[in-house]
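All residue numbers for the sequence shown refer to UniProt numbering, where the first residue is 1 and numbers rise by one. What follows is a short report on a single structure.
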Amino acid sequence: MIDITKITQGVALSEMDEHLLTYILDNMDTVLQKGVRQIAKDNYTSPASVIRLSKKLGYTGFIDLYYHLLPLVNAEEVDEELDFFKIDRSLIMKHNTKDKVDTFIEKVLLLEDKFIFIYAAGFSAITAEYLYKKLLLLGKQVIIATSLDSIGVLENNLKNIGAFVAISKSGETQGVLDKMHTAKNSGIYTVSFTKESVNRLGELSDLNFKITDQHKLDDRNLLPNTFFPFTLLLIEYLLSSYLNEINDV
């Protein structure tokens, strides 16, 4: 059901106006063929009332009103019919597989009695912070560190860490690579989120999620790119898949 206030934009409508507008919106597939007279007849009013409604909303007439409302109605129907994650699933999963999702759930999200350690630097730390807070809400034991934190945050907790998760757009940040080596040398399962092309962090980690990055040489992140928003979408998809799995058990 469409909220007519999104269409009226503050225009004062009578009760009949609202009734007519709701009728038109609910019958967009037939009202054009019916025409003004039949619409008025179906609603026990006059054709002039339909025309007045159209002009109140800023249109030249009913036909003008119809063709302006049509894309709004179609967009609303898409939003209602498609699950949020299905809309961009083809984009965020372009370089990944369902097997990777299942492995992440098994090795990271289903960890018991061990911490998930998240590490990132620069802009990636913003995404890491988001993942950290989402995992806390799920009741997970999580530690987060960035380039501003001491190496001791990782080294002093190695025996309590079950999974190490690193986020790096380039996959070549030396500080992130160093932490990944430390985790791997301690037998910790490692996961990385990186750009889709070959990079050292992706090759080093046990599980690598690849996210499209249109500007791979833009180390300062000056140009628009999809890496960070797609990483957030992928995180949401991973957590959604996890919740679906545990709720089905």
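From the three backbone atoms N, C-alpha and C, an ideal C-beta is built for every residue, glycine too. None of the values given here were measured: they were computed from a predicted structure.
query: Between Tyr130 and the rest of its own chain, which residues show a CB-CB distance below 8 Å, the 5 nearest in sequence each way excluded?
result: Excluding residues within five positions, the ones whose Cβ falls inside 8 Å are Leu232, Ile235.
Just to confirm my understanding: we take Gly58, look at its own chain, exclude 5 residues before and 5 after, and list those with CB closer than 7 Å. What are they? Excluding the 5 residues flanking it on each side, Gly58 has no same chain C-beta neighbour closer than 7 Å.
| By the 10 Å Cβ neighbour count, where 16 or more other Cβ atoms means buried, how is Asp102 classified, buried or exposed? | Per the 10 Å Cβ criterion, exposed.
* **Residue nearest to Ile118 in terms of C-alpha spacing, selected from Ser192, Glu106, His181** => Ranking Ser192, Glu106, His181 by Cα distance to Ile118 puts Ser192 first.
*What separation, rounded to the nearest whole angstrom, lies between the Cα atoms of Asn96 and Gln214?*
One Cα belongs to Asn96, the other to Gln214, and the distance between them is close to 17 Å.
- Query: If Phe212 and Lys100 are in contact, beta carbons under 8 Å, what's the gap, nearest whole angstrom?
  - Reply: Sequence check: residue 212 is Thr here, not Phe. 15 Å between Cβ atoms; not a contact.
Please state if the CB of Ile39 and the CB of Ile18 are separated by a distance shorter than 9 Å.
It should be pointed out that residue 18 corresponds to Glu in this sequence rather than to Ile. Contact: no.
Exercise. What is the C-beta distance between residue 253 and Gly202, in whole angstroms, given that I count them as a contact (C-beta under 8 Å)?
Worked result: A question about residue 253 goes unanswered here, because the residues of the chain that appear run from 1 up to 249.
* To do: Tell me whether Lys210 is buried or exposed, calling it buried when 16 or more other Cβ atoms sit within 10 Å of its Cβ.
  => buried
Rounded C-alpha distance that separates Asn247 from Ser240 = The alpha-carbon atoms of Asn247 and Ser240 are separated by roughly 11 Å.
Residues near Ile51 by beta carbon distance below 8 Å, same chain, minus five either side: Result list for Ile51: Val36, Gly61, Phe62, in chain order.
Inset, instruction - Measure the alpha-carbon distance for Asn156 versus Val142 and round it to whole angstroms. - result: For Asn156 and Val142, the distance between alpha carbons rounds to 14 Å.
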